[in-house]
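Q: What follows is a structure written as structure tokens; I'll ask about it next.
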Amino acid sequence: MIKKIVVLFLVVFLTACVAQERSYGGKSSKAYSFFKKFNSEKYYVSFWDRNTSINDDTKIIMARDGDKYYYEFDGYEKNIIIQKDGKRYTVNNDRGEYFVSNEELQDFSIGILPSDVLKLKRSDYKTGTERIYNKNYVYESFSDGPQSTTYYFKGNKLIYIRYISVRNTVFLKFNYMKDDFSSEIFEISKDFVEITY
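In the working numbering, the protein residues as written are 2 to 198.
Shown next, in the form of structure tokens:
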């Protein structure tokens with residue numbers, strides 16, 4: 002009788018452990034369903050920074066229109082990086098200044114937003130539940146070598162994205178996304194002063 006109870010306990014325990022995290026190959030994911038209409042060539046996506054706390058009100062915006070890129074970090078200061086025509090414009094909105102440099106393109110969306118939605122559809126992923134800020138979320142984790150992107154959902158609604166690379170970890174709360182936005186975001190105000198070093 003005790004052996005049967007122990008065996009039954011082990012079966013239930015192992016089943017519970019397996020249910021915590023499962024791997025899927027080629028099955029449509031919540032992440033694919035969420036991003037299936039996402040255009041990686043034209044987008045505007047808003048996030049809240051969650052790298053330090055649940056109450057961080059720092060806003061992060063990533064936008065792209067073809068070969069023009071926009072990255073905004075609106076926290077203790079509002080800083081914007083615009084990349085177009087082979088140049089990088091670093092704009093300090095609060096001081097009304099900008100700096101121009103000839104740096105290589107840096108795509109801040111890598112690992113956070115899918116660059117290929119069909120690849121996301123075909124990719125293997127792990128899923129389970131994880132507790133974040135005292136709430137449980139279903140996650141889907143996609144790995145690409147040493148990098149991984151994990152999307153956290155409440156139902157079918159995307160809540161968080163965590164990107165882990167060799168260099169850093171980024172944790173963001175999804176706010177909204179759109180593909181219809183003004184191209185004026187890639188322009189610098191004529192009132193701003195160019196700083197040279």
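The beta-carbon is built from N, C-alpha and C at its ideal position, and this holds for glycine as well.
Can you say whether E195 is buried or exposed, counting buried as having 16 or more other CB atoms within 10 angstroms of its CB?
A: exposed
Q: Can you tell me the Cβ-Cβ gap for L173 and F36, rounded? I've got them flagged as a contact below 8 Å.
A: Rounded, the Cβ-Cβ distance is 15 Å, inconsistent with contact.
Q: One question on the structure: do L106 and Y70 come within less than 9 Å of each other, judged by their Cβ atoms?
A: yes
Q: Going by C-alpha to C-alpha distance, which of K43, I160, G146 sits closest to Y152?
A: The option with the nearest alpha carbon to Y152 is I160.
Q: Within this structure, are the beta carbons of K88 and G67 separated by less than 9 Å?
A: no
Q: Looking only at its chain, what residues have a beta carbon closer than 7 Å to the beta carbon of K154, apart from the 5 residues adjacent to it on each side?
A: According to the sequence shown, residue 154 is Phe rather than Lys. If you ignore the 5 residues before and after F154, its C-beta comes within less than 7 Å of the C-beta of K31, Y138, V139, I160, all in its own chain and listed in chain order.
Q: Beta-carbon within less than 6 Å of F109's beta-carbon, same chain only, minus the 5 sequence neighbours each way: which residues are those?
A: Listed in chain order, the non-local C-beta contacts of F109 below 6 Å within the same chain comprise M63, Y72, local neighbours out to five positions each way being set aside.
Q: Distance, Cα to Cα, E98 vs V92?
A: 6 Å
Q: Express the C-alpha separation of S149 and F143 in angstroms, rounding to a whole number.
A: 6 Å
Q: Answer with buried or exposed for F100, where buried requires no fewer than 16 other C-beta atoms within 10 angstroms of its C-beta.
A: exposed
Q: Since Y199 is in the alpha helix (DSSP H), which residue starts that stretch and which ends it?
A: Outside the modelled stretch of the chain, which goes from 2 to 198, sits residue 199, for which no answer is possible.
Q: Which ranges would you report for the alpha helix (DSSP H) in the segment 66 to 143 if only whole runs of at least 4 residues count?
A: If we require 4 residues or more, the alpha helix (DSSP H) runs fully inside the segment 66 to 143 come out as 118 to 123.
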